[in-house]
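In our numbering, the protein residues as written are 12 to 503.
Cβ atoms here follow ideal geometry from the backbone N, Cα and C, with glycine treated the same way.
If you're wondering where the values come from, they're calculated on a predicted model, not measured in any experiment.
Below you'll find the structure, written out as structure tokens, and then a few comments.
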RNA sequence: CGGGGUGUAGCGUAGCCCGGUAUCGCGCCACAUUUGGGAUGUGGAGGUCGUAGGUUCGAAUCCUGCCACCCCGACCA
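Right, dumping it as structure tokens:
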């Protein structure tokens, strides 16, 4: 195993794959397409979960849990949704194994134990949930229902990549039911805002909020909202989606409520989710050739203290000071690791914590004790500076704040530099090939043109941004009139 | 599912064409010297060569089947 990662500029996907493994985030498992999320990677996911979960609670949602299996008859009830997922479903057909009479010590599927109705391993839970909601909702007094679940889902992907696309992944899916269309749309938009806030304030990942074109829309939704972000290789990544389901699922599952006025109406629905794919966005937005760069707000270890010592006496003295700093920082809510192992050298530790993206590193040696200082290094810029020990906690606290701001700003600048307006198809292709990033162009609004662009350039419409100001123009491909520019990019 | 490739120690590999029981690096263990950016030396442990079969006195090497993984395509919210 070589010591350094592949360079981003030379082999971006190699860099990503190696980084995920070497930083201890995840690894491939013996199950095709499925990953093992390792403790360090899972710790980041847990922090994401905690923040998001709080945000969901604050907006009135409660958690619940629904089954992993969906009976085929339920699954197919909402036709478009079922069709959209049909090609990537794992299906349970039997419920028993038996010993194989032809191969000693081996098991085989018991042909006698065929399920009467196949069970689909959920690729998403709308079907089970709406079928359940049917029993929960009779009157307007039962609405709204604001439920979220943290779960795993399975989508049998042909080609997988750690975090970005795996056959099984972890996510949360919110499913809400409302009395009115307006309320459901407001919910959809509210959750999109929650995701955007989370991405920008916590992950430090700038996002474009928008709606999907019909081609890219969630199967079964009336409107799909999304947040899109830009990775360092110029490819876009969908980081979250929020769907206005209209009455599609209510109709498919016959979910009606009695109105105040005594009428009977189908309820309105939404669903919204973010997944472990966020980990991919986090990694690819900030990290560099030396390893992971984590935003302080999501870093499992925010500060690491590394002692530099030559003998046990020195270590003892340094530890005294280090533990004091650790305690003081922890009192301020900062998570600190004091790495006093004598089995690794300081230089090794420096490199290791850089690989793991720990935002701030404090090194204390005998020399520092004499001078009453410590060396403080920040991960994002790799700057090192000696500070007096007295107010080091304040310095570190400020630094964590700075890093959070700085990496967001850096990502935002990158996105600005890589967002290009073009007015011709030629220019469009050139920008895609030479520069990458988001390309803002006029489009005639037809699925045919969108499809043609996708086939010819591999770029898709990432979204129609919510904040886009109207601008008269003509479609770069067909010349037909267009009222605004849309975001194109090659995407993950 | 199509086209190409690869499976050899925990990881990365040489050997395969031309058959004779496996090379090197990292990591691991022990000891010593080291320790402010991934230390050095000496010694040591670790292998069903993906798997099943075939050819052969003898197979990592040749042949066949199977499995897994990677790349390209197709597919993909």
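Distance check between residue 326 and each of 351, 316, 346 places 351 closest, using alpha-carbon atoms only.
In the displayed model, residue 495 falls within coil according to three-state DSSP, outside both helix and strand. In this structure, the straight-line span from the alpha carbon of residue 209 to that of residue 203 is close to 10 Å. Residue 102 counts as exposed, since fewer than 16 other beta carbons sit within 10 angstroms of its beta carbon.
With a cutoff of 9 Å on beta-carbon distance, residue 311 and residue 214 are scored as not near each other. Residue 84 sits exposed, since fewer than 16 C-beta atoms from the chains shown fall within 10 Å of its C-beta. Residues 495, 496 of the same chain have their beta carbon placed closer than 7 Å to that of residue 482, with the five preceding and five following residues left out of the count. Across the set 454, 417, 271, the C-alpha of 454 shows the shortest separation from the C-alpha of residue 474.
For residue 291, the uninterrupted alpha helix (DSSP H) segment begins and ends at 288-297. Excluding five sequence positions before and after residue 469, the CB atoms of its chain that fall closer than 6 Å to its own CB belong to 501, given in chain order. Contact between residue 263 and residue 88 holds, with the beta-carbon distance rounding to 5 Å and staying under 8 Å. In this structure, the alpha-carbon of residue 237 lies about 17 Å from that of residue 176. Note that the C-beta distance between residue 251 and residue 234 is not below 9 Å. Boundaries of the beta strand (DSSP E) harbouring residue 82: 80-82, taken from the DSSP string.
Close CB contacts of residue 268 within its chain, under the 7 Å cut and outside five residues either way in sequence, are with 148, 149, 150, 151, 153, 154, 190, 276, 278 (chain order). Contact holds between the segment 360-373 and the segment 294-304, because three or more Cβ pairs, one in each stretch, are under 8 Å apart. Listed in chain order, the non-local C-beta contacts of residue 55 below 8 Å within the same chain comprise 36, 290, 293, 305, 309, 310, 311, local neighbours out to five positions each way being set aside.
Contact between the segment 32-50 and the segment 169-188 is present: 3 or more CB-CB pairs across the two stretches fall below 8 Å. Contact between the segment 404-416 and the segment 438-454 is not established, with fewer than three Cβ pairs separated by less than 8 Å. In this structure, 243 is the residue among 243, 239, 105 with its C-alpha nearest to the C-alpha of residue 418.
In this chain, the alpha helix (DSSP H) harbouring residue 412 covers 403-428.
In this structure, the beta-carbon distance from residue 287 to residue 140 does not fall below 9 Å.
In the three-state reduction of the DSSP assignment, residue 140 falls in the helix class, which pools H, G and I. The Cβ atoms of residue 201 and residue 183 lie no closer than 9 Å to each other. Buried is the label assigned to residue 27, since at least 16 other Cβ atoms lie within 10 Å of its Cβ.
Under the DSSP assignment, residue 219 falls in the beta strand (DSSP E) whose first and last residues are 219-222. One thing to note: residue 21 has its Cβ no nearer than 9 Å to the Cβ of residue 31. Bounds of the beta strand (DSSP E) holding residue 389 are 384-389. Take residue 59, set aside five residues on each side of it, and the residues of its chain with a beta-carbon closer than 7 Å to its own are 289, 309, in chain order. Going by DSSP, residue 363 is part of the alpha helix (DSSP H) stretching over 357-366.
One alpha carbon belongs to residue 383, the other to residue 401, and they sit about 8 Å apart. According to the DSSP assignment, residue 313 belongs to no alpha helix (DSSP H), since it is labelled neither H nor E. Taking all protein chains shown into account, residue 144 has 16 or more neighbouring C-beta atoms within 10 Å of its C-beta and is therefore buried. Under the DSSP assignment, residue 159 falls in the beta strand (DSSP E) whose first and last residues are 156-165. Between the alpha carbons of residue 324 and residue 394 lies a gap of roughly 30 Å. Comparing alpha carbon positions, the residue from 479, 488, 459, 492 closest to residue 227 is 459.
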